[in-house]
Amino acid sequence: MESDIVINVSGLTKKFGNFTAVDRISFDVRKGEVFGFLGANGAGKTTAMQMLCGISKPTSGKGTVAGYDILKENEKIKRSIGYMSQRFSLYEDLKVWENIRLFGGIYGLTDKEIKEKTDELLHRLRFESERNTLVKSLPLGWKQKLAFSVAVFHTPQIVFLDEPTGGVDPAMRRQFWEMIYEASDRGITVFVTTHYMDEAEYCHRVSIMVDGRIETLDSPGNLKEIHQAESMDEVFRKLARKATRMDNG
Ligand SMILES: Nc1ncnc2c1ncn2[C@@H]1O[C@H](COP(=O)(O)OP(=O)(O)OP(=O)(O)O)[C@@H](O)[C@H]1O
Numbered sequence: 001m002e003s004d005i006v007i008n009v010s011g012l013t014k015k016f017g018n019f020t021a022v023d024r025i026s027f028d029v030r031k032g033e034v035f036g037f038l039g040a041n042g043a044g045k046t047t048a049m050q051m052l053c054g055i056s057k058p059t060s061g062k063g064t065v066a067g068y069d070i071l072k073e074n075e076k077i078k079r080s081i082g083y084m085s086q087r088f089s090l091y092e093d094l095k096v097w098e099n100i101r102l103f104g105g106i107y108g109l110t111d112k113e114i115k116e117k118t119d120e121l122l123h124r125l126r127f128e129s130e131r132n133t134l135v136k137s138l139p140l141g142w143k144q145k146l147a148f149s150v151a152v153f154h155t156p157q158i159v160f161l162d163e164p165t166g167g168v169d170p171a172m173r174r175q176f177w178e179m180i181y182e183a184s185d186r187g188i189t190v191f192v193t194t195h196y197m198d199e200a201e202y203c204h205r206v207s208i209m210v211d212g213r214i215e216t217l218d219s220p221g222n223l224k225e226i227h228q229a230e231s232m233d234e235v236f237r238k239l240a241r242k243a244t245r246m247d248n249g
């Protein structure tokens, strides 16, 4: 259904000088879908995601995100999405409740909404006792859960997650993925990059980028069938082997 499409891009390209970081990518993502965006280091995932979020202007190509034109309406896109990355998310020197208030305000909620939703969120996370804790003293897994909760606090149409679960154990990652499914059930589309192939199995659909291009895109089940592989890890290794671009940064 046309109206269910929340991301639609066609021929999206980003060049840095003569170097083509993202090369004519085209795809659709549906409302409530958990969409995995995979690729080896340097494949172009972050660059592509920045274009989708309205942070970086495409060199060519077109598309819409949350119903807005990525070339002309990037400010409106920024207001319709949530964003969480491993590197930039919460303020370490602020308390838990102060972080929630800050991001609620940035995303345009009123003080009353922020207060009500903060109580509800802390209750749901069973985190009331940590209301006044400084974020820097929380374990990494809890920081990630809180960062995700903050990124969907304003009920955005789409939340972009850039390697959200780096560095935590599988049990903690599973808890994180329960939150992802809850958001998806509420109709929030989840666009997620990850290096963990068990997480790729949890996505409704997965795309794999190689050297700036989308090499394959389908459900994990179909990808395994098409590429004659036992696991997503094997699918990924078969495709990533084709990469000529090396970037170990
Ligand atoms: N501002 C820039 N100027 C020049 N080259 C860039 C710039 N940003 C990214 N690149 C290059 O574009 C390519 C794609 O980078 P990008 O960060 O999008 O990859 P990635 O798939 O997100 O990798 P990783 O998994 O390591 O984050 C890399 O070769 C990178 O060096």
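For the sequence shown, full-length UniProt numbering gives the first residue as 1, with consecutive numbering after it. All C-beta atoms in this analysis are idealised placements derived from N, C-alpha and C, irrespective of residue type, glycine included.
Closer than 8 Å to some heavy atom of ligand 1: that describes the Cβ of Thr46.
Put simply, the backbone Cα of Arg245 is about 7 Å away from that of Gly42.
C-alpha of Thr20 to C-alpha of Ile188: approximately 31 Å in a straight line.
Tyr83 counts as buried, since no fewer than 16 other beta carbons sit within 10 angstroms of its beta carbon. If you look at Ser60, you'll find it isn't in any alpha helix (DSSP H); it sits in the beta strand (DSSP E) that goes Ser60 to Val65. Look at Gly17: its beta carbon is less than 8 Å from one of the heavy atoms in ligand 1.
The criterion of a C-beta distance shorter than 9 Å is satisfied by Phe153 and Gly104.
DSSP, reduced to helix, strand and coil, places Gly108 outside both helices and strands of the structure shown, so it counts as coil. If you draw a straight line from the Cα of Glu113 to the Cα of Lys145, it is about 21 Å long. In summary, Asp23 is buried, with 16 or more beta-carbon neighbours lying within 10 Å of its beta-carbon over all protein chains present. Between the beta-carbon of Pro164 and that of Val192 there is about 7 Å, and that keeps the pair under the 8 Å contact cut. Per the coordinates, the alpha-carbon of Lys238 lies some 20 Å from the alpha-carbon of Ile25. Counting the other CB atoms within 10 Å of its CB gives Tyr91 a total below 16, which places it among the exposed residues.
Cβ-Cβ separation between Val150 and Ile100: approximately 6 Å, consistent with a contact (criterion under 8 Å). Close CB contacts of Thr110 within its chain, under the 7 Å cut and outside five residues either way in sequence, are absent.
Judged by DSSP in its simplified three-state form, Ser80 adopts helix. Note that the C-beta distance between Leu38 and Lys31 is not below 9 Å.
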